[in-house]
Amino acid sequence: MMKASLIVRMLSSLDYALFEKGYGCFRLLADAPGWLINLWADADIGREIDLRTQFLYLDAFLEEAEAFWAVPRQEHLSSEIWTETDADGFEWLLEAIAFKEDGEELLLLKLATAGQQIMRQVLQESRELSLEYYQLCQAFNHREVMLHCVVHDLTTPLAGIKSSLSLLNDDTLSKDEVRELIDLGMRQVEKTRGLVHEVLEAFASKVPTMIDGVPNVHQTALEAVDMLRPVAALRNVSLEIEEAHTSDWLVRGDAHRLERIWYNLIDNALRYAPPGSTVKLQLYDEGSVIRCSVIDEGEGVTASMVPLLFRKFVQGAQQVGKAGLGLYYCRITVEGWGGTIHYRPGEHGGACFCFRIPKQTPNNP
Amino acid sequence: MIQKKVCMLGTSAVGKTSLVRRFVHGIFSDTYLTTIGVKIDKKVVPVGGDEVTLLLWDLYGEDRFLKLSERYLRGAAGFFLVVDGTRRSTLDDALQLHTRVHTVLGEIPGIILLNKADLRQDWEVEEEDIGHLAEAGWKVLPTSAKNGMGVEDAFTNLAAQLLDA
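Chains as they are written, first to last, in my numbering: chain Y, 41 to 405; chain V, 1052 to 1216.
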């Protein structure tokens, strides 16, 4: 049988701290291991300590231990692992074991095992790798969006150019009308160049939130309508603008992107508008914001599609060949300017896409 | 002095430890160091005319590598479900974790913290998700352990709920 004092010394040399429960506190039975001195500067053999205050985790564990000590049994009670930080910021992984020997209520504090330390390293590395993998996936996804946006931006204005060219086939056109169509086509070409540049610029900072210049929301609507008139004419759809009288059409954002929002929404509406119908643009001054709507007389959006409308890569039934990024672009851009965008069914059927943009004011630059 | 145990819950690397460090010590570090087991800190929070000592149990993040031991939860009076706004999946994980926590702790005050609000432009958690959480009765607060935004408010808010509970 080994002597008790020998066992106590052995525990100490193994880096264990053995405490005996006293009245309201615990007494250290062996020499304090180094890690304990780092956490409790006064640690020394025979010293008493209020472990509940010194190690907050033990406040909870000792409640379990009290119940364990109250019932005579042979087994021990182990705590979960907890972390203590010393004055130098070093973290110690600790574990407590309550047991009973010759009627004495004892508590052993020990450092986490080598296995647990290795587990920590493995966890740290695996979680870092997980995060890196996630970031790589995001970056990949981001590039994919950018690619689709570029394709989208290249193809959408082409429809306008194609329409202008198709209308040029009409022998009854006057010289002025021909010149106007060529001018429109040229502007579409310039627009395409500008849009590609814009997309690259926007995705360089991931999401376009830049506020540049003071766009006139009414003027940008007129520009977009002008661009899409040939497309509307080919589809035999009228384009109308209704605006409440105001001279205060200046909003946050920048003109190119605002025009593109109009363009995407009108282009979308023309796609679904039946021949002979009208696509209406409405602008209302709501005080601090301008409410803008694009309303068509088509069949509207099915209820199941509504929650998905403004997400990326979502395509409507007739959107064959489209990337499904038009409405997504509208949302991230409008939200980037502090605005909102939503869909609701039109009052007389059809679809109504509505966005609100904060006005440019001295308090809201 | 009233003392309440509050658990910081959520999947790994959402910023639980950083939020506690910001709140208790007023510091932030960009270095990610995974928590093993639990780290406990405490801070006295004034609420109205009273004071409450929050015992903050910063628990290791649960993920596919490690499941949370329910033993750590015993005696908790409230909790934070911490979500990384830039990773949508951490919201799903947090809600899943909550269903398990609920079976252990029952109905106790809890707040969802949408952390990393300084990276708002990169958030995958959308307004629509936040709306759904609010509809489900959750209090949802954006926080940034990095710049401190919303951190003090979040802890004070929960402390007030704990006093009312």
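Ideal Cβ positions, reconstructed from N, Cα and C, are used throughout, including at glycine.
Cβ pair residue i, residue j closer than 8 Å
i: Y/L151; j: Y/I137; result: no
i: V/A1128; j: V/K1055; result: yes
i: Y/G376; j: Y/P270; result: no
i: Y/R396; j: Y/I301; result: no
i: V/A1205; j: V/P1160; result: no
i: Y/S119; j: Y/E135; result: yes
i: V/I1162; j: V/L1184; result: no
i: Y/D84; j: Y/L68; result: yes
i: V/V1133; j: V/L1214; result: no
i: Y/L96; j: V/I1091; result: yes
i: V/A1064; j: Y/L171; result: yes
i: V/R1139; j: V/E1178; result: no
i: Y/E29; j: Y/T260; result: In this structure chain Y extends from 41 to 405, so residue 29 of chain Y is not present and cannot be described.
Pairwise C-alpha distance: residue j and residue i
i: Y/W75; j: V/G1066; result: 28 Å
i: Y/K399; j: Y/N256; result: 10 Å
i: Y/G143; j: Y/I77; result: 28 Å
i: Y/L117; j: Y/K43; result: 24 Å
i: Y/F66; j: Y/E88; result: 5 Å
i: Y/K320; j: V/D1143; result: 41 Å
i: V/A1211; j: V/L1105; result: 11 Å
i: Y/V185; j: Y/G225; result: 27 Å
i: Y/H192; j: V/V1089; result: 50 Å
i: Y/F108; j: Y/D99; result: 15 Å
i: Y/E60; j: V/R1151; result: 37 Å
i: Y/S245; j: V/Q1172; result: Confidence at Y/S245 is low in this model, with a pLDDT of 48, below 50, so its placement is unreliable and no value can be given for it.
i: Y/D90; j: Y/G378; result: 55 Å
i: Y/L274; j: Y/G386; result: 24 Å
i: V/V1075; j: V/K1093; result: 7 Å
i: V/I1181; j: Y/N209; result: 54 Å
i: Y/G155; j: Y/F393; result: 60 Å
i: Y/R92; j: Y/L102; result: 8 Å
i: Y/G340; j: Y/L207; result: 29 Å
i: Y/M250; j: Y/Y383; result: Here Y/M250 scores only 41 on pLDDT, less than 50, and its place in the model is too uncertain to base an answer on.
i: V/R1122; j: Y/L367; result: 48 Å
i: Y/L205; j: Y/Y312; result: 22 Å
i: Y/S317; j: V/T1068; result: 60 Å
i: Y/G64; j: Y/W80; result: 18 Å
i: Y/S214; j: Y/I381; result: 41 Å
i: Y/G327; j: Y/P347; result: 28 Å
For residue j and residue i, believed in contact at Cβ under 8 Å, the rounded distance
i: Y/V334; j: Y/A295; result: Y/V334 to Y/A295, Cβ: 18 Å. No contact.
i: V/T1250; j: V/G1201; result: The requested residue 1250 of chain V does not occur in the structure, where chain V is confined to residues 1052 to 1216.
i: V/D1109; j: V/T1086; result: 6 Å
i: Y/R160; j: Y/L133; result: 7 Å
i: Y/Q164; j: Y/P197; result: Not really, about 51 Å apart at Cβ, beyond 8 Å.
i: Y/A70; j: Y/V48; result: 4 Å
i: V/D1114; j: V/T1062; result: 5 Å
i: Y/V265; j: Y/I281; result: 6 Å
i: Y/L323; j: Y/E283; result: 4 Å
i: V/L1117; j: V/C1058; result: Not really, about 16 Å apart at Cβ, beyond 8 Å.
i: V/A1168; j: V/G1199; result: Contact doesn't hold; Cβ gap of about 10 Å is too wide.
i: Y/D2; j: Y/A391; result: Residue 2 of chain Y lies beyond the residue range present for chain Y, which begins at 41 and ends at 405; the question has no answer from this structure.
i: Y/H188; j: Y/L365; result: 5 Å
i: Y/L268; j: Y/L279; result: 7 Å
i: V/L1060; j: V/F1130; result: 5 Å
Burial state of residue i, where buried means 16 or more other Cβ atoms lie within 10 Å
i: Y/Q175; result: exposed
i: Y/G338; result: buried
i: Y/Y173; result: exposed
i: Y/N304; result: buried
i: Y/V254; result: exposed
i: Y/C177; result: exposed
i: Y/P248; result: With a pLDDT of 42 at Y/P248, under the threshold of 50, the predicted position of this residue should be treated as unreliable, and no value is reported.
i: V/T1141; result: buried
i: Y/G361; result: Note that Y/G361 scores 40 on pLDDT, short of 50, meaning its location in the model is unreliable and no value can be drawn from it.
i: V/N1166; result: buried
i: Y/K231; result: buried
i: V/L1119; result: buried
i: Y/S52; result: buried
Interface flag, residue i vs chain C, CB-CB below 8 Å
i: V/L1106; result: Note that chain C does not occur in the displayed structure, where the protein chains are Y and V.
Mind listing which residues of the segment 95–110 of chain Y have their C-beta closer than 9 Å to chain V's C-betas, in chain order? F95, L96, Y97, D99, A100, E103 and E104
Residues of the segment 1080–1100 of chain V whose Cβ lies closer than 9 Å to any Cβ of chain Y, in chain order: Y1083, L1084, T1085, T1086, I1087, G1088, V1089, K1090, I1091, D1092 and K1093
Given a limit of 7 Å on CB to CB distance, which residues of the segment 145–179 of chain Y reach chain V? R160, L163, Q164, S166, R167, E168, L171 and Y174
Using a Cβ-Cβ cut-off of less than 9 Å, list which residues of the segment 108–137 of chain Y approach chain V; keep chain order. S119, E120, I121, W122, T123, E124, T125, E131, L133, L134 and E135
Positions along the segment 1118–1135 of chain V whose CB lies within less than 9 Å of some CB in chain Y: S1120, R1122, Y1123, R1125 and G1126
Residues in the segment 1056–1081 of chain V having any Cβ partner in chain Y nearer than 8 Å: K1056, S1063 and A1064
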